[in-house]
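Here the structure comes first, spelled out in structure tokens, and everything after it is commentary.
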Amino acid sequence: MPDIGFMSILYRLPAVFIGFSFHEFAHALVAYLLGDDTARSRGRLTLDPMAHIDPLGIIMLIFFRFGWAKPIPVNPSNFKNRKKGMVLVSLAGPIMNFIIAFVALLTYVTLYNFYGYISKTISMIIINIYLLNLGLGIFNLIPLPPLDGSKILSGLLPFRLEYKMYQYEQHLNILLLLLIVTNGINYLLNPMFIAAETVLYHLIDIFL
Numbered sequence: 001m002p003d004i005g006f007m008s009i010l011y012r013l014p015a016v017f018i019g020f021s022f023h024e025f026a027h028a029l030v031a032y033l034l035g036d037d038t039a040r041s042r043g044r045l046t047l048d049p050m051a052h053i054d055p056l057g058i059i060m061l062i063f064f065r066f067g068w069a070k071p072i073p074v075n076p077s078n079f080k081n082r083k084k085g086m087v088l089v090s091l092a093g094p095i096m097n098f099i100i101a102f103v104a105l106l107t108y109v110t111l112y113n114f115y116g117y118i119s120k121t122i123s124m125i126i127i128n129i130y131l132l133n134l135g136l137g138i139f140n141l142i143p144l145p146p147l148d149g150s151k152i153l154s155g156l157l158p159f160r161l162e163y164k165m166y167q168y169e170q171h172l173n174i175l176l177l178l179l180i181v182t183n184g185i186n187y188l189l190n191p192m193f194i195a196a197e198t199v200l201y202h203l204i205d206i207f208l
């Protein structure tokens, strides 16, 4: 297990609760707006972290930087357009994470520019919120099940290719696990992370 200090865990916890809660809430909200109240009826249309947190997923994310929350239940048959609905619902989570990352970065830069100094505690909390949400958004866009990216891709594919993708879903799950275990996932994430940071910094320049 990685050597992580007690204070490091405390700095990460707000980021974890915010990242997961807003991510899953975004899924539930968009599904509800598109006509599916499955998540709402099960108490998942909320920002309450306890409704979304998976204890093991939290521990894994804090110590190993890969974790998960309870998936939002969605019934695509309630959408007027099943494929379009699933694409929009799946996109909502990562987009929410990118928004939070942007707000965190904007807050950090604004505080630093205004005061010229940020206390270590506030600085570390904001930085963790920024990094974790940016990472969650990027990671979930990888088009491998069970990640949001796979649902986005399947929603954009013709039905024949979508069916093929579901046929190989178990194999793709194993591929994702292997990429995580062997750290091969970093070869996918690092270029995406750099590109996303570049975009966010440009947006910060526009706002400030």
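Using the UniProt record's numbering, the first residue of the sequence shown is number 1, and each one after it goes up by one.
Backbone N, C-alpha and C fix where the C-beta goes; we use that ideal spot for every residue, glycine too.
- Under the three-pair Cβ rule at 8 Å, the stretch 129-148 counts as touching the stretch 88-104.
- Taking LYS80 as the centre and dropping the five residues before and after it, the same chain places the C-beta of GLY35 closer than 7 Å to its C-beta, in chain order.
- For LEU157 and ALA101, the gap between their C-alpha atoms comes out near 29 Å.
- Unbroken alpha helix (DSSP H) runs of no fewer than 4 residues, entirely contained in the stretch 123-206, are found at 148-156, 159-167 and 169-181, following chain order.
- No residue range can be given for ILE53, since it is assigned to no alpha helix (DSSP H) and is classified by DSSP as neither H nor E.
- With 16 or more other Cβ atoms inside 10 Å of its own Cβ, ALA104 counts as buried.
- For ALA26, the enclosing alpha helix (DSSP H) stretches over residues 6-33.
- For ILE99, the enclosing alpha helix (DSSP H) stretches over residues 82-115.
- For the pair GLY67 and GLY57, the CB atoms are nearer than the 7 Å cut-off.
- Judged by DSSP secondary structure, SER119 falls outside any alpha helix (DSSP H); it is assigned neither H nor E.
- Inclusion of THR38 and ASN75 in the CB contact set at 7 Å is warranted, their separation being smaller than that value.
- Rounded to the nearest whole angstrom, the C-alpha separation of PHE25 and ALA195 is 26 Å.
- Counting the other Cβ atoms within 10 Å of the Cβ of MET86 gives 16 or more, which makes it buried.
- Per DSSP, the unbroken alpha helix (DSSP H) holding ALA39 starts and ends at 38-41.
- Sequence-distant partners of LYS70 (beyond 5 residues in either direction) whose C-beta falls short of 6 Å from its own C-beta, in its chain, are HIS52 and ASP54.
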